[in-house]
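Colleague: To start, I am sharing the structure in question, which I have written as structure tokens.
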Amino acid sequence: MPGAGVRDRILDLVRRNVVRAGKYSLSGFIGFLVIEGITGSLVAELGTGMLVPIDVLAYFTGIATEFLINEHWTTLHSGLHTGRLRGKLVRMMKFEALNVLGNSVSIGTQLALFRFFHLDPLIGNFIGSFFSFPVNYYFQMRVVWGIDVTRE
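Dropping the structure here:
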């Protein structure tokens, strides 16, 4: 797209990714529901004394759920899906690891807004999630499935 302005390039990028990004968002929402369901159920059963192990189990399971949805729906007809079980496990570990990057953006934003502007942490978390979404989407599509979202 030679000669196109930045605005036009951004709009074109959004247009080319709207369906896949929508599916990716839905998988994230489902993963969130899994995390909340596991956390709520186990805290009700075991109490808050086991919160850290409960969180670890809940987050790993929720993110694995997101990966499986993205693997079998979001990226079904594009990207790398090689290696059967071993390849799938490698992609899932990459997906889990890259979630740390996105969560760092989200938590960093939340903490900065709280520290410098005394913004409620729940609002800061929502704003942080808004900023972490494109980071997670770009890097997970690129590193996990080999999809260059800027060129498709």
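Counting from 1, position 27 in the sequence shown corresponds to residue 25 in the numbering used here; the numbering is continuous, with no gaps.
Glycine included, every Cβ here is placed at the ideal spot set by N, Cα and C.
For valine 41 and asparagine 101, I'd like the C-alpha separation in whole angstroms.
Modeller: Annotation: valine 41 to asparagine 101 spans about 22 angstroms, alpha carbon to alpha carbon.
Colleague: Mark glutamate 69 as exposed unless 16 or more other C-beta atoms lie within 10 angstroms of its C-beta, in which case mark it buried.
Modeller: buried
Colleague: Taking the runs of the alpha helix (DSSP H) that are 4 residues or longer, which of them lie wholly in the region 63 to 124?
Modeller: Counting only runs of 4 or more, we get 82 to 115.
Colleague: Could you tell me the distance, in whole angstroms, from the CA atom of phenylalanine 24 to the CA atom of isoleucine 67?
Modeller: Note on identity: in this sequence residue 24 is leucine, with phenylalanine being the wrong assignment. Their Cα atoms are separated by approximately 9 angstroms.
Colleague: Helix, strand or coil: how does DSSP classify aspartate 146 here?
Modeller: DSSP places aspartate 146 in coil when its eight states are reduced to three.
Colleague: Give me, in chain order, the residues of the same chain whose beta-carbon lies closer than 8 angstroms to that of valine 133; leave out the 5 immediate sequence neighbours on both sides.
Modeller: Leu99, Gly100 and Val103
Colleague: Taking the continuous alpha helix (DSSP H) assigned at valine 41, which residues delimit it?
Modeller: 4 to 44
Colleague: Compute the distance between the beta-carbons of tyrosine 135 and tyrosine 22, then report whether it is under 7 angstroms.
Modeller: yes
Colleague: So, using beta-carbon positions, are threonine 46 and tryptophan 143 closer together than 7 angstroms?
Modeller: Taking 7 angstroms as the Cβ cut-off, threonine 46 and tryptophan 143 do not qualify as a contacting pair.
Colleague: If we count the other Cβ atoms within 10 Å of its Cβ and call it buried at 16 or more, is isoleucine 61 buried or exposed?
Modeller: Classification for isoleucine 61: buried.
Colleague: What does a CB cutoff of less than 6 angstroms around serine 130 pick up in its chain, not counting 5 residues either side in sequence?
Modeller: Gly100, Val103 and Ser104
Colleague: So glutamine 108 and glycine 122 are supposed to be a Cβ contact under 8 angstroms. How far apart are they, rounded?
Modeller: With a Cβ gap of about 4 angstroms, glutamine 108 and glycine 122 count as contacting.
Colleague: Less than 7 angstroms between C-beta atoms, sequence neighbours within five positions excluded: which residues of the same chain meet that for threonine 63?
Modeller: Ile28, Gly29 and Val32
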